[in-house]
Amino acid sequence: MSGYSTIEGVLERIVFFNEENNFTVARLQVGKSRDLVTIVGDMPCPNSGETLRLKGEWVVDAKFGRQFRVESCLSVLPSTITGIEKYLGSGLVKGIGPIMARRVVAKFGLETLDIIEDSPQRLLEVEGIGPVRTERIGRAWQEQKEVREVMVFLQGHGVSSTYAVKIYKAYGDRAVSVVKENPYRLALDISGIGFKTADRIACNMGVDPGSQMRAEAGIIHVLSELVDEGHVYYPYKGLLDKAAVLLEVDEATIEAALAALVEQRRVVVEEQQGDRAVYLTPLHVAEANVAKRLKALMESPKQLIQIDVERAIQWAQQAIGIELAEMQKETIRKAIASKVLVLTGGPGTGKTTLVNCLIRILERKGQRILLASPTGRAAKRLSEVTGREAKTIHRLLEYSPTEGGFKRNEDNPLETDLVIIDEVSMVDILLMNNLLKAVPSKATLLLVGDVDQLPSVGPGNVLRDIIASERVETVRLTEIFRQAQESMIVVNAHRVNRGEFPQIRPPMGRPADFYFIQRDEPEKALELVNELCAKRLPRA
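Heads up: the sequence shown runs through residues 13 to 552, numbered per our numbering.
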């Protein structure tokens, strides 16, 4: 019973339908057979009474028996009296219900659909149908006709029924013309359709593999994948090589397409230290804006605060009950004097203590302070250690899902004197751009993080790049304080940063919080990680 085949019949009953993924279980009447066929698969917007042409294969399910597993689904016009009546009575054509469908078919028989298509005014001959309903039926029929034409075209070029519905919803009656003009638009506009799917559709439509349209789409795809890997830009020659492998075309075709993308302002090519870097335009804009806004912030006047820094440091030490090291005191002096300061250091080097001292000193002088971190967990931790409210950066900037952007920006800046951002190593270039837009020129910005941590998941290595620029005042803390020295996690983090092997066994009398568990096979290591995360750690 294996092998692909095509069946056609009337959808009698929908047993199950999942609106999220279009998975359907239904019963189909095929021909004049009294036995209904069970069909399963993705079928967007199924309606009882529709005549469906299905491609798929017969399978035998261990529990439910013989079924037809659907690979593609196309709604077609019925050709029998019963089929026409069920189709019109299904609700697909607005203005006609089951009772009216029976009257219309009784009047016109097999000519019913032709009359609705070519002579809809003849519907006035049916009892109960007036001019208003006739117009509504005609309009609904045309809408259904457009949908059918789009579906026939798309599925004829290898588009699944699920994606065909998405495409129609995105483009409406322009769907066919849009896809014919540039099938690669689907990769940009339709969720779930990437370059490879769009390329397959284009190939089915006969698009030349060496066309500039295909090369442009391939370059955008390669750059987008590189962004997903964390790159803000990519070297020119490296991009050509990657695109050539993907597209299997010569370098001249790719260079011509790249030049066209530059002309369209979809990408930017920039000279950098004797090489050329290629950016997607939004990332180039973000990177340039981050540099420009940091420079403007540093050059704007510092608010005058009447403060005796040395007395303030002494007061803060007494308030929190800690004696600061000289490097920590110098950091507080710089933070009070600077417009932008980066504070970096590994675990246990006192970054949090410094932030606490600075908050206490400036709050006492009436300064407004905002605290934020890139993630909810980091914000919660920051709030716990400072005793002040800390938000995620998205919440700080008042992200609006409905508007697709941040309410806080250059036109509606944050109302604050000091912005402290913790865990900055996790902030990507796009989020940093939006953050800096919202920082008022009169405010001070303190960026706190461990530059040796893994960079952000999103594009860019923002903290490291800011430090490497040597344009922003930076303090790097290196001394591990006594309390932190008790933790082997902290000690070993610093050993790894220095290129040394971690210390496996803790010294006598020191609590064990760092463990080395050896597994020689990848599968065994994966099993151990799963067990630790799912069972042992939650109980610890």
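The C-beta atom is built at its ideal place from N, Cα and C for all residues, glycine as well.
- Per DSSP, leucine 309 is not a residue of any beta strand (DSSP E); the alpha helix (DSSP H) it occupies stretches across 293-311.
- Take valine 397, set aside five residues on each side of it, and the residues of its chain with a beta-carbon closer than 6 Å to its own are Thr364, in chain order.
- Rounded to whole angstroms, the gap between the alpha carbons of glycine 511 and valine 321 is 38 Å.
- When C-alpha distances from valine 37 are compared across Pro56, Gln276, Pro132, Leu125, the shortest belongs to Pro56.
- With 16 or more neighbouring CB atoms inside 10 Å of its own CB, aspartate 211 falls in the buried class.
- The C-alpha of leucine 86 is placed about 7 Å away from the C-alpha of methionine 163.
- The beta carbon of glutamate 31 sits closer than 6 Å to no other beta carbon from its chain once the five residues preceding and following it are set aside.
- With a threshold of 16 other beta carbon atoms within 10 Å, arginine 186 falls short and is exposed.
- Annotation for phenylalanine 120: Ile127 place their beta carbon closer than 7 Å to its own, counting only its chain and skipping 5 residues before and after.
- Counting C-beta pairs closer than 8 Å gives fewer than three between the segment 192-205 and the segment 397-407, which falls short of the contact rule.
- Per DSSP, cysteine 57 lies in no beta strand (DSSP E) segment and is marked neither H nor E.
- For the segment 34-101, the full-length beta strand (DSSP E) segments reaching 3 residues or more read 35-42, 48-54, 63-73, 77-88 along the chain.
- Under the Cβ criterion (8 Å, minimum of three pairs), the segment 260-273 counts as touching the segment 218-229.
- The three-state secondary structure of phenylalanine 28, taken from DSSP, is strand.
- Taking the CA atoms as reference points, alanine 256 sits about 27 Å from asparagine 473.
- Per DSSP, glycine 103 lies in no alpha helix (DSSP H) segment and is marked neither H nor E.
- The alpha helix (DSSP H) runs lying completely inside the segment 215-303 and spanning 4 residues or more are 224-240, 248-259, 263-275, given in chain order.
- The DSSP-derived three-state label of leucine 355 is strand.
- If you draw a straight line from the Cα of leucine 104 to the Cα of glutamate 69, it comes to about 28 Å.
- Annotation: leucine 538 to glutamine 530 spans about 12 Å, alpha carbon to alpha carbon.
- Looking at the DSSP output, alanine 384 bridges to Lys403, Ile433.
- Exclusion of the five residues before and after isoleucine 96 leaves Pro90, Val117, Thr124, Leu125 as the residues of its chain whose Cβ lies within less than 7 Å of its Cβ.
- Look at leucine 23 here: in three-state DSSP terms it is strand.
- In the assembly as shown, arginine 46 is an exposed residue. Its beta-carbon has fewer than 16 other beta-carbons within 10 Å.
- Contact between the segment 418-428 and the segment 442-450 is present: 3 or more CB-CB pairs across the two stretches fall below 8 Å.
- Beta-carbon to beta-carbon, valine 460 and valine 436 are separated by about 6 Å, close enough to satisfy the 8 Å threshold.
- Taking the CA atoms as reference points, alanine 152 sits about 13 Å from glycine 101.
- In this structure, the alpha-carbon of glycine 358 lies about 29 Å from that of arginine 376.
- Going by beta carbons, methionine 310 and glutamate 491 fall outside the 8 Å limit.
- Across the set Pro452, Leu166, Asp462, the C-alpha of Asp462 shows the shortest separation from the C-alpha of methionine 438.
- Shortest Cα-Cα distance from arginine 81 to any of Met112, Gly43, Tyr99, Arg39 involves Arg39.
- Proline 195 places its beta carbon 8 Å or farther from that of alanine 176.
- By the criterion of a C-beta distance shorter than 6 Å, leucine 238 is surrounded in its chain by Tyr246, once the five residues flanking it on both sides are discounted.
- Excluding residues up to 5 positions away in sequence, Ser102, Leu104 lie with their Cβ nearer than 6 Å to the Cβ of asparagine 59 in the same chain.
- Counting along the chain, the unbroken alpha helix (DSSP H) around threonine 146 starts and ends at 143-168.
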